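Below is one structure, written out as structure tokens; the observations come after it.
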Amino acid sequence: MNVKLPKVSIITPSYNQGRFIEATIQSVLNQTYPNIEYIIIDGGSTDQTMSVVERYRSQIDIVIHEKDRGQSDAINKGFKLATGELVGWLNSDDILYPECVAEIVRLYEQHPDGSIYYIPLQNGIDAAGRVHNLAHREIPDKQYLLNEDYSIIQPSSFYNRNSVIKAGYVDDRIHYCMDLDLWLRLLDWGPIYYSKVNVPLSGFRNWELSKTTTGTDKFLKEIEKTLLKHGASAYSKNMRRIQISLLKVHIKRFLRYENARKPVLS
0 MNVKLPKVSI ITPSYNQGRF IEATIQSVLN QTYPNIEYII IDGGSTDQTM
50 SVVERYRSQI DIVIHEKDRG QSDAINKGFK LATGELVGWL NSDDILYPEC
100 VAEIVRLYEQ HPDGSIYYIP LQNGIDAAGR VHNLAHREIP DKQYLLNEDY
150 SIIQPSSFYN RNSVIKAGYV DDRIHYCMDL DLWLRLLDWG PIYYSKVNVP
200 LSGFRNWELS KTTTGTDKFL KEIEKTLLKH GASAYSKNMR RIQISLLKVH
250 IKRFLRYENA RKPVLS
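Using numbering that gives the first Met the number 0, the letters of the sequence shown map in sequence onto residues 0 to 265.
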């Protein structure tokens, strides 16, 4: 019997990530699930990114190399080119482990009415690929995401493509928490399902020049704005967490400034 396997489209938005993109590409090509459409949208990289991509070009379905308006714009380009029943994006410094897509498809086949499917465990990795922490997030619904815990597991998250179209794609005015905003809109079009596997199936790279590291206060303020826009309570656990995190950022910045002002004793 010839069973048709659902197609899964993975988009990698990229800009000057030649240091890491080979590991990202290999992690997609090494998936055990066979029916994957892989799309790379590069925003005009000037480093070695495209030479790395060219080494794998025959195994990548679509490669676009042109200037764009940033990560969110690149993701939308990929979504609009994608033909899979499920779509997701994998940033050019993150990785998937080999069973990730197969597990997502198992979840989708059990619950075809969903808008979001994800693996709740994720490794945090450093620039060298060493694991330094394990994240675990089980998000049951929109209200929990709005008011209890806004942290999501993005690399191993996949979406019903029809739901993405109905939700209006990624908001390209958002540059840090576009994934959170998309989740909150997708949950108006279908429920969220997460896998019960007890191992991480993705790696999120947190390193010194990653966007969330260099723009911490902008990231937090954008999360706050996004949550309030979608109806979060101003007195929620999420809002308290954001304010505490912002305070810590400002204290660290102040201490660095004060230390820099101290005279150097010879």
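For glycine and all other residues, C-beta sits at the position ideal for the given N, C-alpha and C.
Predicted model, so just to flag it, every value in this text is computed and none were measured.
Contact the stretch 73–81 vs the stretch 4–23: 3+ CB pairs below 8 angstroms = A contact exists between the stretch 73–81 and the stretch 4–23.
Pull up the DSSP beta-bridge partners for N122, would you.
-> The sequence position of residue 122 within the sequence shown is 123, counting from 1. Beta-bridge pairing links N122 to L133, G202.
What is the DSSP secondary structure of E36, reduced to helix, strand or coil?
-> Locating residue 36 in the sequence shown gives position 37, where the first residue counts as 1. Note: E36 maps to strand in three-state DSSP.
Name the DSSP bridge partner or partners of L85?
-> Translated into positions along the sequence shown, residue 85 becomes position 86. Answer by DSSP bridge pairing, in chain order: V7, N159.
Secondary structure at V169, three-state DSSP: helix, strand or coil?
-> Within the sequence shown, residue 169 is the residue found at index 170, counting from 1. V169: coil per DSSP, three-state reduction.
Buried or exposed for K261, please, with buried defined as at least 16 other CB atoms from any protein chain shown within 10 angstroms of its CB.
-> Your numbering for residue 261 matches position 262 in the sequence shown. The residue is exposed, with fewer than 16 neighbouring Cβ atoms inside 10 Å.
List the endpoints of the continuous alpha helix (DSSP H) containing V27.
-> As a first step, residue 27 must be located in the sequence shown, where it is residue number 28. 20–28 is the extent of the alpha helix (DSSP H) around V27.
Does the separation of the CB atoms of Q121 and F218 fall below 8 angstroms?
-> Taking the sequence shown and counting its residues from 1, the one referred to as residue 121 is at position 122. Taking the sequence shown and counting its residues from 1, the one referred to as residue 218 is at position 219. Going by C-beta atoms, Q121 is not nearer than 8 angstroms to F218.
Can you check DSSP and say which residues form a bridge with S13?
-> On the sequence shown, position 14 is the one that residue 13 refers to. Answer is D41, bridged to S13.
K141 versus A259 - alpha carbon distance | One-based indexing of the sequence shown puts residue 141 at position 142. One-based indexing of the sequence shown puts residue 259 at position 260. One C-alpha to the other measures close to 44 angstroms.
With which residues is Y143 paired in a DSSP beta bridge?
-> Residue numbering aside, residue 143 sits at position 144 when the sequence shown is read from its first letter. Bridge partners of Y143 according to DSSP: none are assigned.
Mapping DSSP to helix, strand and coil, what is M0?
-> As a working mapping, residue 0 is identified with position 1 in the sequence shown. A caution first: M0 carries a pLDDT of 44, below 50, which makes its placement in the model too unreliable to give a value.
Run of the beta strand (DSSP E) containing Y193, from where it starts to where it stops | To locate residue 193, count along the sequence shown from 1; it is residue 194. Segment 191–193, the beta strand (DSSP E) holding Y193.
Leaving aside the five residues before and after R136 along the sequence, list all residues of the same chain whose C-beta is less than 6 angstroms from its C-beta, in chain order.
-> As a first step, residue 136 must be located in the sequence shown, where it is residue number 137. Hits under 6 angstroms: P119, S150, I152.
Taking S235 as the reference, which of Y143, E21, T82, I173 has the closest Cα?
-> Taking the first residue of the sequence shown as position 1, residue 235 is located at position 236. The residue with the shortest Cα to Cα distance from S235 is Y143.
Same chain, Cβ closer than 8 angstroms to H110, five either side skipped, listed in chain order | Here residue 110 corresponds to residue number 111 of the sequence shown, with the count starting at 1. Beyond the five residues adjoining it in sequence on each side, H110 comes within less than 8 angstroms, by CB distance, of Y116, P190, Y192 in the same chain, given in chain order.
L254 in three-state terms, based on DSSP = Within the sequence shown, numbered from 1, the residue matching residue 254 stands at position 255. Three-state DSSP puts L254 in a helix.
Does the Cβ of M0 have 16 or more other Cβ atoms within 10 Å, making it buried, or fewer, making it exposed?
-> As a first step, residue 0 is located in the sequence shown; it is residue number 1 there, counting from the start. Legend: pLDDT at M0 = 44, less than 50; position of this residue unreliable, value from coordinates given subsequently. By the neighbour-count rule (16 or more Cβ atoms within 10 Å), M0 is not buried but exposed.
Do three or more CB pairs link the stretch 51–65 to the stretch 83–90 at distances below 8 angstroms?
-> They do not touch, by the three-pair rule.
Kindly provide the ranges of any beta strand (DSSP E) runs that are 3 or more residues long and lie completely inside the stretch 51–112, ordered along the chain.
-> As far as the stretch 51–112 is concerned, its whole beta strand (DSSP E) runs of at least 3 residues are 61–64, 85–88.
For E108 and N205, the rounded distance between their alpha carbons = Position 206 of the sequence shown, counting from 1, holds the residue named residue 205. Position 109 of the sequence shown, counting from 1, holds the residue named residue 108. E108 has its alpha-carbon roughly 32 angstroms from the corresponding atom of N205.
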